[in-house]
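Each residue of the sequence shown is one higher than the one before, counting from 1 in full-length UniProt numbering.
We put the CB at the ideal spot given by N, CA and C, even for glycine.
Only a predicted model underlies this, so the values are computations on that prediction, with no experimental measurement involved.
Taking it in order: structure first as structure tokens, then the write-up.
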Amino acid sequence: MACAYAPSGCAVACGGLDNKCSVIPLSLDKNENLAAKKKSVAMHTNYVSGCTFTNSDMQILTSSGDGTCALWDVESGQLLQSFHGHTADVLSLDLAPSETGNTFVSGGCDKKASVWDMRSGQNIQSFESHVSDINCVKYYPSGDAFASASDDATCRFYDLRADREVAVYQKDSIIFGASSVDFSLSGRLLFAGYNDYTVNVWDVLKGNRVSILLGHENRVSRVRVSPDGTALCTASWDNTLRIWA
Numbered sequence: 001m002a003c004a005y006a007p008s009g010c011a012v013a014c015g016g017l018d019n020k021c022s023v024i025p026l027s028l029d030k031n032e033n034l035a036a037k038k039k040s041v042a043m044h045t046n047y048v049s050g051c052t053f054t055n056s057d058m059q060i061l062t063s064s065g066d067g068t069c070a071l072w073d074v075e076s077g078q079l080l081q082s083f084h085g086h087t088a089d090v091l092s093l094d095l096a097p098s099e100t101g102n103t104f105v106s107g108g109c110d111k112k113a114s115v116w117d118m119r120s121g122q123n124i125q126s127f128e129s130h131v132s133d134i135n136c137v138k139y140y141p142s143g144d145a146f147a148s149a150s151d152d153a154t155c156r157f158y159d160l161r162a163d164r165e166v167a168v169y170q171k172d173s174i175i176f177g178a179s180s181v182d183f184s185l186s187g188r189l190l191f192a193g194y195n196d197y198t199v200n201v202w203d204v205l206k207g208n209r210v211s212i213l214l215g216h217e218n219r220v221s222r223v224r225v226s227p228d229g230t231a232l233c234t235a236s237w238d239n240t241l242r243i244w245a
């Protein structure tokens with residue numbers, strides 16, 4: 001259900017229905033048994049919905065269907081900090097850009113998006129404007145805002161400095177839930193995958209849809225912009241990945 005590359009590129013983390021998050025080292029040696037080196041780092045009491053390394057290979061952040069998020073030490077597997085406040089499954093999390101401080105945002109089945117301080121474990125901001133599950137949260141490139149995607153068929157944009165929602169991305173013709181969002185490198189465009197097999201492209205500032213990407217034959221489960229901003233990758237329940245450029 002979740003995977004993440006380590007910042008060094010030397011390991012990958014994965015988590016899912018076994019309630020664990022495991023870290024597997026990567027190697028170019030085809031004869032090396034990497035599965036034998038897999039190490040369970042995190043253990044929740046329900047499925048692991050999200051995982052991401054912090055700004056080093058040494059710590060990993062997880063979200064879970066048990067309603068919590070947690071910060072773990074990769075080497076020892078020790079729980080460093082737990083984050084309590086959601087009242088239902090946490091479905092997504094995203095780490096703030098490194099220059100903006102030690103915070104992350106989470107969203108889940110309680111229709112709430114929460115911003116957390118990783119050092120104190122405190123919930124420092126919450127937003128409750130969606131009317132159904134929040135499937136994905138994603139920080140704006142500057143770290144001053146974030147977007148959310150929900151089963152209520154809307155995506156929303158929150159300004160953290162103003163402490164409020166500033167935009168809703170929706171159309172009467174869109175009646176299926178939004179599963180995933182990501183920003184263009186400049187932050188001007190918001191890409192959103194939907195359960196009606198489409199990817200809608202929104203103008204972040206104007207709030208209008210500027211394009212629609214068609215081609216998948218089942219729900220779009222994940223969208224991700226490439227690090228250099230020149231391409232978009234989409235994953236779908238139709239068993240395909242597609243690259244758009």
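With fewer than 16 other CB atoms across the displayed protein chains lying within 10 angstroms of its CB, H84 is exposed. Rounded to the nearest angstrom, the gap between the Cα atoms of V115 and D144 is 12 Å.
In this structure the stretch 167 to 175 does not touch the stretch 212 to 232; the number of beta carbon pairs closer than 8 Å is below three.
DSSP, reduced to helix, strand and coil, places K138 within a strand of the structure shown. Nearest to S179 by alpha-carbon distance, out of D163, D133, S129 and C14, is D133. As the crow flies, the alpha-carbon of D110 is around 29 Å from that of V12. Taken in chain order, the complete beta strand (DSSP E) segments of 3 or more residues contained in the stretch 151 to 233 are 155 to 159, 164 to 169, 178 to 183, 189 to 194, 199 to 203, 209 to 213 and 220 to 225.
Bridge pairing for K39: V23 [DSSP]. Here L91 is near G50, since their CB atoms are less than 9 Å apart.
Under the three-state reduction of DSSP output, S98 falls in the helix class.
The alpha-carbon of Q59 is positioned some 31 Å away from that of H130. Note on the UniProt repeat "WD" (41 to 82): whole beta strand (DSSP E) runs with a minimum of 3 residues are 48 to 53, 59 to 64 and 68 to 73, in chain order.
In the three-state reduction of the DSSP assignment, C109 falls in the coil class, being assigned neither a helical nor a strand state.
For A167, the closest C-alpha among the options Y47, L17 and R209 is that of R209.
Separation of N200 and T54 (C-alpha to C-alpha, rounded to the nearest whole angstrom) is 29 Å.
Remark: C-beta atoms of K138 and D94 approach each other more closely than 9 Å. The three-state secondary structure of N31, taken from DSSP, is coil.
With a 10 Å radius around the Cβ and a threshold of 16 neighbouring Cβ atoms, L79 comes out exposed. In this structure, the beta-carbon distance from A235 to V223 falls below 9 Å. Shown here, V90 sits in a strand according to DSSP, grouped into three states. Taking a 10 Å sphere around the C-beta of S64, we find 16 or more other C-beta atoms and assign the residue as buried. The alpha carbon of A96 has as its nearest neighbour, out of Y140, R119, V74 and D73, the alpha carbon of Y140.
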